[in-house]
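What follows is a set of notes on a single structure, which appears directly below.
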Amino acid sequence: MPRTVGKTTATKKAAKPAKPRAPKKKAVAKKTPPKPLLRTGTVTLIGRPNTGKSTLLNALIGQKLAIVSDRPQTTRVSILGIKTTDKGQVIFIDNPGIHKPLHALNKRMMNFVYSSLQTSDLVCLLVDATQKFGHGDEFVLETLKKVSTPAFLLINKVDTVRKDKVLLLIDRYKDLFPFREIIPVSALKGDNLDVLERLVFDALPLAEKLFADEDISTQTERFLFAEIVREKILARVTEELPFATAVYVEAIEKKEQPDWKKEGETRPLTHVRASIFVEKDNHRKIVIGRRGSLIKMVGIEARREIENYIGHKVYLDLHVKVRERWRDSEDVLDLIEGQR
Ligand SMILES: Nc1nc2c(ncn2[C@@H]2O[C@H](COP(=O)(O)OP(=O)(O)O)[C@@H](O)[C@H]2O)c(=O)[nH]1
Ligand SMILES: [Mg+2]
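Position one of the sequence shown corresponds to residue 15 (the working numbering), numbered consecutively onward.
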């Protein structure tokens with residue numbers, strides 16, 4: 015794996031510990047040359063649920079970091095994607111979709127979004143070109159007006175609509191907010207992402223890089239695997255259930271097993287044990303499916319993806335557990351967030 019995900023390798027360069035002070039000498043010691051300043055900063059992706067923020071993050075980084083689905087509220091926490099080029103380093107932050115919070119879970123989600131908006135160097139607001147402007151969009155714009163961070167508007171999914179419709183949207187939005195740039199893109203097909211990348215780098219301040227060049231994220235493998243399992247569930251269940259599902263990876267253990275192709279040799283096998291939390295017993299039945307058919311498919315698909323990611327065989331052990339009202343349980347939320 016050429017690039018790295020995970021806390022072990024994605025080391026944020028921490029401030030150097032203070033050295034004991036030597037007695038002051040006159041400036042004779044050789045100075046190390048200052049690190050070059052490059053375009054560096056954070057860019058937060060916001061927008062209503064389902065506008066394609068996670069798809070865009072994955073496309074910009076060139077690897078799947080955030081799960082994607084056509085269900086709203088797929089992304090629950092902010093996910094970092096780091097892109098380093100010879101121009102500098104941009105840290106994209108994928109966020110949960112903006113909406114009015116109801117549960118403790120959603121309040122946490124929205125707090126992430128607000129703080130990310132305030133502290134970033136640039137905001138990219140995504141809108142879905144296939145959707146009509148509505149109350150949800152007004153709410154997002156109101157949120158944006160509360161901060162002074164400069165913003166780009168990305169009109170996404172232009173692969174699916176006619177050009178004149180895109181032009182109408184541009185016309186409408188340019189009167190609503192002083193966007194620095196308005197860029198039609200397709201996160202799915204990759205259209206115009208090179209233009210976006212160039213404009214993003216140009217908008218960032220000059221600073222020292224924050225991460226090592228090979229880092230692409232700060233999330234742990236554990237969190238990524240939990241999210242992969244959740245993505246496969248979201249793809250197979252309907253309506254009400256997705257909001258009420260959480261996945262917690264209890265353990266990841268790398269073992270060696272005899273290699274039946276080569277006598278006397280072993281090959282790696284990683285055991286991943288995960289719990290799927292649902293809120294009601296009938297939800298548990300839905301996730302398990304008739305004679306275990308649904309959980310089996312979820313297991314197969316998630317295992318394949320995890321195997322692809324780590325490059326060897328995986329044994330994925332899934333357990334479905336009922337935790338009533340877990341979305342309002344700070345304990346369960348802490349547990350799930352803890353795996354990041
Ligand atoms: N046609 C098309 N679909 C897209 C595009 N970007 C995202 N999607 C789809 O929109 C849905 C929501 O995407 P996702 O990235 O999860 O949205 P998020 O909730 O904003 O993170 C998924 O089904 C994506 O495949 C795009 O550029 N074109
Ligand atoms: Mg998302």
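We put the beta carbon where it would ideally sit given N, CA and C, even for glycine.
Only a predicted model underlies this, so the values are computations on that prediction, with no experimental measurement involved.
Check	Outcome
Three CB pairs or more closer than 8 Å across the segment 331–349 and the segment 292–301	yes
Buried versus exposed call for W274 [16 or more other C-beta atoms within 10 Å across all chains shown]	exposed
Contact set for V180: own chain, Cβ-Cβ below 8 Å, skip 5 residues either direction	A143, I169, V172 and P198
First and last residue of the uninterrupted beta strand (DSSP E) at I196	E195 to P198
Cβ neighbours of L308 in the same chain (closer than 8 Å, five flanking residues each side left out)	R250, V251, I300, V301 and I302
Nearest candidate by alpha-carbon position, reference A316, set I242, V57, T65 and I290	I242
K246 beta carbon near ligand 2 (any heavy atom closer than 6 Å)	no
C-beta contact flag for L59 and D108 at 7 Å	yes
Minimum C-alpha distance to K246 - residue among K45, N72 and D84	D84
Assigned secondary structure, A32 (DSSP; H/G/I helix, E/B strand, else coil)	Confidence at A32 is low in this model, with a pLDDT of 48, below 50, so its placement is unreliable and no value can be given for it.
For T284, the first and last residue of its enclosing beta strand (DSSP E)	T280 to V292
Counted within 10 angstroms of its Cβ, other Cβ atoms place S129 as buried (16 or more) or exposed	exposed
Assigned exposure category for K177 - 16 Cβ within 10 Å defines buried	exposed
Cβ-based neighbour list, A29, same chain, cut-off 7 Å, excluding 5 preceding and 5 following	Here A29 scores only 44 on pLDDT, less than 50, and its place in the model should not be relied on; the value that follows carries that caveat. Excluding positions up to five away in sequence, the list is empty.
Candidates T157, L347, F166 and L131: closest to L140 by CA position	F166
Beta carbon proximity, S68 to chain B, threshold 7 Å	In summary, chain B is missing from the structure at hand, where a single protein chain is found.
One or two residues paired with N170 in a DSSP bridge	D142
Three-state class that DSSP yields for T234 in the structure shown	coil
Any non-hydrogen atom of ligand 1 within 6 Å of N125 CB	no
Cβ neighbour criterion (16 or more within 10 Å) applied to V357	Residue 357 falls outside the range modelled here, since the chain spans only 15 to 354, and no answer is possible.
Where the alpha helix (DSSP H) containing D11 begins and where it ends	Outside the modelled stretch of the chain, which goes from 15 to 354, sits residue 11, for which no answer is possible.
Heavy atom of ligand 1 within 6 Å of G111 beta-carbon	yes
Rounded straight-line distance, which links the Cα of A226 to that of T46	19 Å
Any non-hydrogen atom of ligand 1 within 6 Å of N206 CB	no
Helix, strand or coil at T56 [DSSP, three-state]	strand
Those residues which DSSP pairs with Q353 across a bridge	Note: Q353 sits in no beta bridge, so no partner.
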